[in-house]
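Asks: Using my numbering, the first residue of the sequence shown is number 1074, and each one after it goes up by one.
Each residue gets a CB set at the ideal place from its N, CA and C atoms; glycine is no exception.
The structure follows.
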Amino acid sequence: MVRNAASLVLAGIVALLLATVGEPASAGHSAAAPGGVVGGLVAPQGKFPWAVRLSMGCGGALTEPRVVLTAGHCVDGTGKNETIQVTAGVTDLRSRGALIARSERVIRAEGFIDETKGDDWAVIRLDRALGLPTLPLAQDAIGVGRYIVMGWGQTREDAIQQEHRLHYATVPTVPDVKCAVAYKKMGVQLVADEQICAGAPGIDTCQGDSGGPMIGRGRHGEWVQVGIVSWGLGCARDGYPGVYSQISTFKPAIKVAVRKLR
Ligand code: ARG
């Protein structure tokens, strides 16, 4: 989602920074990879069965058959909400097998202010249970490693449209300290225990991927959710990784919210 105030503020900071430091305005690295996600691949049908697309232009994951986990900045707040359409069960949004559901109620993280300040998660109760697999939340804090991110968002920072096919990419984590130093230059303070940085030049999530899951392997080799696409400076820029909400930190609060939606 690009329409919220925080993104605009960020864009403003970016413009300022570019003006002062004189970096090239086009962030480069757009090797025109066929990859929502920059530098990724098209997901085959069935690969990520819990991944969903939300009508405001975000992603999400089924954390329960009737509850979607997404980013806090993708929703307006907590309360009754029948405005969000959810497309599920397909990687190609145009395919005939798509399951459509509607939102009933939303709970957003209590402390949410904007995506850069942490607490960037929300859960959405659907009007019906979709008979689809769910994605469990990771048990432990993640370490250094490589994780998969996905979405129907832009494949380039300057793209004018989003994708109808789900894209995914593998991204390496970037240490909090390194990430914090990069974003501090732009006046954004990383909330290290609530945010995970990951990405590489040319590989990142992008506008429209927000809310989608970052996944890794659990103890028994199953997919588990370790992050939620949250924000970044542009997309796939060298030195500016994507920032993801850290599931291990929010897991207890998410569980409480999900229970309230049952
Ligand atoms: N805030 C964006 C959205 O609403 C997601 C941006 C992710 N950016 C990044 N460089 N990883 O879709």
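On the DSSP letters alone, give me the boundaries of the beta strand (DSSP E) that Arg-1175 sits inside.
Replies: 1172–1181
Asks: If you drop the 5 nearest sequence neighbours on each side, which residues of the same chain put their C-beta closer than 6 Å to that of Ala-1044?
Replies: Examination of residue 1044 is not possible in this model, given that the chain is present from 1074 through 1335 alone.
Asks: Do three or more CB pairs link the stretch 1291–1305 to the stretch 1193–1213 at distances below 8 Å?
Replies: At 8 Å Cβ cutoff, the stretches touch.
Asks: Do Gln-1280 and the ligand ARG come close, with the Cβ less than 8 Å from some heavy atom?
Replies: yes
Asks: Given a cut-off of 9 Å, decide if Val-1148 and Ala-1202 are closer than it, judged by their beta-carbon atoms.
Replies: no
Asks: May I ask you to list the residues that DSSP assigns as paired with Lys-1153?
Replies: Under DSSP, Lys-1153 shares a beta bridge with Arg-1178.
Asks: Excluding the 5 residues flanking Pro-1325 on each side, which residues of the same chain have their C-beta closer than 8 Å to its C-beta?
Replies: none
Asks: Smallest Cα separation from Gly-1152: which of Ala-1134, Gly-1132, Ala-1182, Gly-1275?
Replies: Ala-1182
Asks: Does at least one heavy atom of the ligand ARG sit under 8 Å from the Cβ of Glu-1295?
Replies: no
Asks: Among the residues of its own chain, which have a CB less than 7 Å from the CB of Asp-1200, if the five just before and after it don't count?
Replies: Ala-1174, Arg-1175, Glu-1177
Asks: Check the DSSP bridge columns for Ala-1211 and list the partner residues they point to.
Replies: Beta-bridge pairing by DSSP links Ala-1211 to no other residue.
Asks: Could you tell me whether any non-hydrogen atom of the ligand ARG is closer than 8 Å to the CB of Glu-1267?
Replies: Not one heavy atom of the ligand ARG is found less than 8 Å from the C-beta of Glu-1267.
Asks: Return the first residue and the last residue of the beta strand (DSSP E) that Ala-1271 is part of.
Replies: 1268–1271
Asks: DSSP three-state call for Leu-1199: helix, strand or coil?
Replies: strand
Asks: Keeping to the same chain, check which residues put their C-beta closer than 7 Å to that of Tyr-1313; ignore five residues upstream and five downstream.
Replies: Ala-1255, Gly-1305, Leu-1306, Gly-1307
Asks: Per the DSSP calculation, Met-1129 is bridged to which residue(s)?
Replies: According to DSSP, Met-1129 bridges with nothing at all.
Asks: Which of the three DSSP states, helix, strand or coil, is assigned to Ser-1321?
Replies: Looking at Ser-1321 - three-state DSSP - the assignment turns out to be helix.
Asks: Determine, using beta carbons only, whether Cys-1270 and Thr-1246 come nearer to each other than 9 Å.
Replies: yes
Asks: Taking just the CA atoms, how far does Pro-1138 sit from Val-1331?
Replies: Cα atoms of Val-1331 and Pro-1138: separation of roughly 11 Å, rounded to the nearest angstrom.
Asks: Going by the DSSP bridge assignment, what does Gln-1158 pair with across the sheet?
Replies: Under DSSP, Gln-1158 shares a beta bridge with Arg-1175.
Asks: Please find out if some non-hydrogen atom of the ligand ARG comes closer than 8 Å to the beta-carbon of Trp-1304.
Replies: True, at least one ligand heavy atom lies under 8 Å from that Cβ.
Asks: What do you reckon, is the C-beta of Val-1316 under 8 Å from a heavy atom of the ligand ARG?
Replies: yes
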